[in-house]
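Student:
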Amino acid sequence: MSFATLIRLLIIWTNPLVIFGLNNGLALTPPMGWSTWNVFHCDYNETDLMGMADAMVASGMLSAGYKYLNIDDCWEAASRDPVSGMLKYNETRFPHGISALADYIHSKGLLFGIYTSSGEWTCQRYPGSWQHEYLDAALFASWKVDFVKLDCCYQDNVKDRATAFIRWSQALTSQNRSILYSCDSDELILNENNQEFPSQWAPNYCNMARIWWDISDKWETIMNIIDHSANIYYASGPGYWNDLDILTVGLGRQTLVEYMTQFSLWSVISSPLIAGNDIRKMSKEVGEILMNKEVIAINQDKLGRSGNMIHRAVDGSYEIWAKPIYHENTSQIQTAIHSLGFTPLPRHAVVLFNRRDSITNITLEFDDLFDHRLSPHPPTPTWTASVRDLWLHEDLGQFTETWTATNIPGHGVRMITVLLVNATSNNL
1 MSFATLIRLL IIWTNPLVIF GLNNGLALTP PMGWSTWNVF HCDYNETDLM GMADAMVASG
61 MLSAGYKYLN IDDCWEAASR DPVSGMLKYN ETRFPHGISA LADYIHSKGL LFGIYTSSGE
121 WTCQRYPGSW QHEYLDAALF ASWKVDFVKL DCCYQDNVKD RATAFIRWSQ ALTSQNRSIL
181 YSCDSDELIL NENNQEFPSQ WAPNYCNMAR IWWDISDKWE TIMNIIDHSA NIYYASGPGY
241 WNDLDILTVG LGRQTLVEYM TQFSLWSVIS SPLIAGNDIR KMSKEVGEIL MNKEVIAINQ
301 DKLGRSGNMI HRAVDGSYEI WAKPIYHENT SQIQTAIHSL GFTPLPRHAV VLFNRRDSIT
361 NITLEFDDLF DHRLSPHPPT PTWTASVRDL WLHEDLGQFT ETWTATNIPG HGVRMITVLL
421 VNATSNNL
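Reading the sequence shown from the start, the letters are residues 1 to 428 in the UniProt record's numbering.
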């Protein structure tokens, strides 16, 4: 056992909430990209995907950080090669081959992702990868794949589902190519097994893993996923991120306010941002949501933390989610707070989220951000902080103790950054 491994095991033993992400040098921030499923389902070919690659560049999505173009199910031929046992692609849909498609996508500055399933069949009844993990991983590497999404359809044995994710992780890391590994682990979320919490096992094997059931373009589904995203923030960090599923922004069944809310929450929670709308037909309003540079910067923040719910109304009508974020110039802040006896993280992104159907006001108490409750004799500081609105792109000024967001629309949010400016204590 290496010294580094011994240290990792010691840290985990002494602090079970410390989780290390998959150490393959990838996903140091949440992955960003686009997936075929919502737009095409099974009806696509190489021309469609080349056109989407062109659109990702022309629309500004690539410049905004969406670098993976991922094809989902249905690229496969109906059966494996009877001699070699290799997966085959559908030659009608891909007359020039998957490798040629990867070359085109790479020529645009994008990275290329592909799908498979750990069972005998994929979810759409194409050949799966059961007992072919190393063979298929080598094939994907030869095709210059950069991202693999592993589903687990048609695998009835629950134990096999769990171990298949581990085998695929080992198969991918054995290749002479860096391949990001996305675990579509929602089928493991069952009450009859002990694998239903991917955040507890997936970080050691996956770069991202689904934490709840499939998303759909319905408000109720979004809320269900958000409800299962609280208190698992500790698992996310460089190398592994809790995956809330593909974004539904722009699919058309929700309002722009609801799409802005989804994008804000996905970003503050540090979920991968995988768009699923038709970029070729993207409206200006949808583009402004998906390419809001200030919100994306929160998702991609180099401090590498995930956000969590820090407050919820007793009646459940609103929530406040927050994430500590990197701040470069801390010297002035440290001077201002040195007498407090503790060092709070000075900068946070905050989402004030109205779950009601009607307009409301929400007040953020700065004490909830600059937590000092671990001290046995905590001081009672008065906090002063500057606030910036990330959707209005405006500095709102300095505030003491609290800040109130007014007139938040039903199902809407205000997303801000809060920077600690000063703190004074009445106990000193």
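Just so it is clear, CB atoms sit at the ideal spot from N, CA and C, and this is done for glycine as well. Owing to the predicted nature of the structure, the values given are computational and were not obtained by experimental measurement.
Can you tell which of TRP143, GLN175 and TYR126 has the C-alpha that lies nearest to the C-alpha of CYS152?
Tutor: For the residues TRP143, GLN175 and TYR126, the minimum Cα distance to CYS152 belongs to TYR126.
Student: Is it buried or exposed for SER358, if we count other Cβ within 10 angstroms and need 16 for buried?
Tutor: SER358 should be labelled exposed.
Student: Assuming PRO272 contacts PRO30 under a Cβ cut-off of 8 Å, what Cβ separation, rounded to an integer in Å, is found between them?
Tutor: Confirmed, about 5 Å.
Student: Which value, in whole angstroms, describes the spacing of the CA atoms of ASN24 and GLY237?
Tutor: Their backbone Cα atoms lie some 13 Å apart in a straight line.
Student: Provide the residue span of the alpha helix (DSSP H) that contains TRP266, from first to last.
Tutor: Taken as a continuous stretch (DSSP letters only), the alpha helix (DSSP H) holding TRP266 covers 256-268.
Student: For LEU28, tell me which candidate among TYR44, LEU352 and PRO203 has the shortest Cα-Cα distance.
Tutor: For the residues TYR44, LEU352 and PRO203, the minimum Cα distance to LEU28 belongs to PRO203.
Student: With the cut-off set at 7 Å, would you say MET291 and GLY60 are in Cβ contact?
Tutor: It is a contact, given that the beta carbons lie within the stated cut-off.
Student: Taking only runs of the alpha helix (DSSP H) that begin and end inside the region 126-184, which ones reach a length of at least 4 residues, in chain order?
Tutor: For the region 126-184, whole alpha helix (DSSP H) runs of length 4 or above, ordered along the chain, are 133-142 and 158-173.
Student: Hey, could you find the ends of the beta strand (DSSP E) GLU328 is sitting in?
Tutor: Where GLU328 is concerned, there is no enclosing beta strand (DSSP E), given that its DSSP letter is neither H nor E.
Student: Which whole-angstrom value is the C-beta distance of THR255 and ASP217, which I expect to be below 8 Å?
Tutor: Their Cβ separation, rounded to whole angstroms, is 11 Å, which puts THR255 and ASP217 out of contact at 8 Å.
Student: Going by DSSP in three states, LEU101 sits in which element: helix, strand or coil?
Tutor: It is helical.
Student: Leaving out five residues on either side along the sequence, give the residues of the same chain with a beta carbon under 6 Å from the beta carbon of SER386.
Tutor: So the list reads GLN398, LEU419 and VAL421, once near-sequence residues are dropped.
Student: Is DSSP giving ALA78 helix, strand or coil here?
Tutor: Reduced to three states, the DSSP call for ALA78 is coil.
Student: Is DSSP giving GLN200 helix, strand or coil here?
Tutor: GLN200 falls in the helix class under three-state DSSP.
Student: Check the C-beta distance from SER182 over to ILE211 and give it rounded, since I have them as a contact under 8 Å.
Tutor: With a Cβ gap of about 13 Å, SER182 and ILE211 do not count as contacting.
Student: Going by DSSP, what residue range makes up the beta strand (DSSP E) through SER425?
Tutor: That run of the beta strand (DSSP E) goes 413-425.
Student: Does the Cβ of PRO82 have 16 or more other Cβ atoms within 10 Å, making it buried, or fewer, making it exposed?
Tutor: It is exposed - the Cβ of PRO82 has fewer than 16 other Cβ atoms within 10 Å.
Student: Please look up how many angstroms separate the CB atoms of TYR205 and LYS149, rounded, as I've assumed it's under 8 Å.
Tutor: Rounded, the Cβ-Cβ distance is 14 Å, inconsistent with contact.
Student: Beta carbon of VAL351, beta carbon of SER264: below 7 Å?
Tutor: Yes, Cβ-Cβ distance for VAL351 and SER264 is below 7 Å.
Student: Spatial neighbours of LEU26 within its chain, please: CB distance less than 7 Å, with the 5 preceding and 5 following residues excluded, ordered by chain position.
Tutor: Contacts found: SER178, LEU180 and ASN207.
Student: Between which two residues does the beta strand (DSSP E) harbouring ASN224 extend?
Tutor: First-last for ASN224: 219-227, but that is the alpha helix (DSSP H), not the beta strand (DSSP E).
Student: Under a three-way DSSP split, which group does SER107 fall into?
Tutor: Helix at SER107.
Student: Any idea what DSSP makes of THR360, helix, strand or coil?
Tutor: Note: THR360 maps to strand in three-state DSSP.
Student: Once the 5 residues before and after ASP136 are set aside, which same chain residues still bring their CB inside 7 Å of it?
Tutor: LEU87, THR116 and SER129, listed in sequence order.
Student: Suppose the cutoff is 7 Å on Cβ atoms and the five residues either side in sequence are ignored; what does the same chain contact list for ILE105 look like?
Tutor: Only ALA53, LEU69 and PHE112 meet the Cβ criterion.
Student: Look up TYR115 in the DSSP assignment and say whether it is helix, strand or coil.
Tutor: Strand at TYR115.
Student: Within a Cβ cutoff of 6 Å, which residues of the same chain sit near THR400, ignoring the five residues on either side of it in sequence?
Tutor: Taken in chain order, the residues that qualify are THR384.
Student: In this structure, how does DSSP classify PRO409 when only helix, strand and coil are distinguished?
Tutor: Here PRO409 sits in coil by DSSP.
Student: Skipping 5 residues on each side, what residues in its chain have a beta carbon closer than 6 Å to that of TYR233?
Tutor: So the list reads SER306 and ASN308, once near-sequence residues are dropped.
Student: In chain order, what residues of the same chain have a beta carbon less than 8 Å from the beta carbon of GLN124, not counting five sequence neighbours either side?
Tutor: Around GLN124: CYS42, ASP73 and CYS74.
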